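For the sequence shown, counting from 1, position 91 maps to 90 in numbering that gives the first Met the number 0; every step adds exactly one.
First the structure, in the form of structure tokens, and then the observations on it.
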Amino acid sequence: MKRASRLLMMAGALWGLPLAGLAQSAELSCRNIAETRDPCLVGTWVMTDRAKERVETRFAKFMFAQLRASGGKITSVKYTAPVASLSADGRWTADHPLSIAGTGSDGGVTYSMKIDLKVNRDSGQWASDGRTLLMCPQGGEQSGTMTLNIPGVGDHTVPMNSVARDEKLQSGRAAYGCSGSTLVLTTEPSEWLESLKLTFKRRAP
Numbered sequence: 000m001k002r003a004s005r006l007l008m009m010a011g012a013l014w015g016l017p018l019a020g021l022a023q024s025a026e027l028s029c030r031n032i033a034e035t036r037d038p039c040l041v042g043t044w045v046m047t048d049r050a051k052e053r054v055e056t057r058f059a060k061f062m063f064a065q066l067r068a069s070g071g072k073i074t075s076v077k078y079t080a081p082v083a084s085l086s087a088d089g090r091w092t093a094d095h096p097l098s099i100a101g102t103g104s105d106g107g108v109t110y111s112m113k114i115d116l117k118v119n120r121d122s123g124q125w126a127s128d129g130r131t132l133l134m135c136p137q138g139g140e141q142s143g144t145m146t147l148n149i150p151g152v153g154d155h156t157v158p159m160n161s162v163a164r165d166e167k168l169q170s171g172r173a174a175y176g177c178s179g180s181t182l183v184l185t186t187e188p189s190e191w192l193e194s195l196k197l198t199f200k201r202r203a204p
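This is the structure we're talking about:
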């Protein structure tokens, strides 16, 4: 069991998941968030499959680099298309469940692991100036499990639950273009994701 505990700590390096998917911005302050909001942004938006695949690829690349030093590798990443809702009063919520499977080794023992976050949600306030979308997280919640399988030992599952408050969350921003049913965000580079153009489609009421 000591070995299993040690391996779980190594596998736990996977749990560095982004909340809103937007990069930290040193220039952005949410202390006095603007009251200006583009009406086009109000609604519920779903990331397109192509954009989701780009995020999965970049995220898998980042996690592979994190595990490589310990002899681990990512075998699959399933990033459920995020659904974000922006309301006219300046509130927003985003849901983006995530599943990651991988393998690793420790002391000659090979193991497999899986992280399954069925709840991966954030909320906060937003504003825009016609070119930039400002995201100011005020709360986040994650709920799921991490399962480690060691040959000859079996499965060992631990819960992965957390609630983040606004003082622990990073603000973010993205350049955007919005027209009718299409929203395109250009993210800033971050530790885990280089700058990408991500397309969202408006979900019908």
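Don't be surprised by glycine CBs; every beta carbon is placed ideally from N, CA and C.
This one's a predicted model, so the numbers in the text were calculated from it and none came from an experiment.
- K117 places its beta carbon 7 Å or farther from that of A80.
- Distance from the Cα of A174 is smallest, within the candidate group T156, Q141, N148, L133, for L133.
- Taking all protein chains shown into account, K77 has fewer than 16 neighbouring C-beta atoms within 10 Å of its C-beta and is therefore exposed.
- Cβ-Cβ distances below 6 Å link D94 to V82, R120 in the same chain, with the five nearest sequence neighbours on each side left out; the list follows chain order.
- Sequence-distant Cβ neighbours of D37 in its own chain, meaning closer than 7 Å and more than five residues away, are S127, G129, C177.
- Taking S84 as the centre and dropping the five residues before and after it, the same chain places the C-beta of T43, T92 closer than 6 Å to its C-beta, in chain order.
- Beta-bridge partners assigned by DSSP to C29: none are found.
- Per the DSSP secondary-structure output, P136 pairs in a beta bridge with G123.
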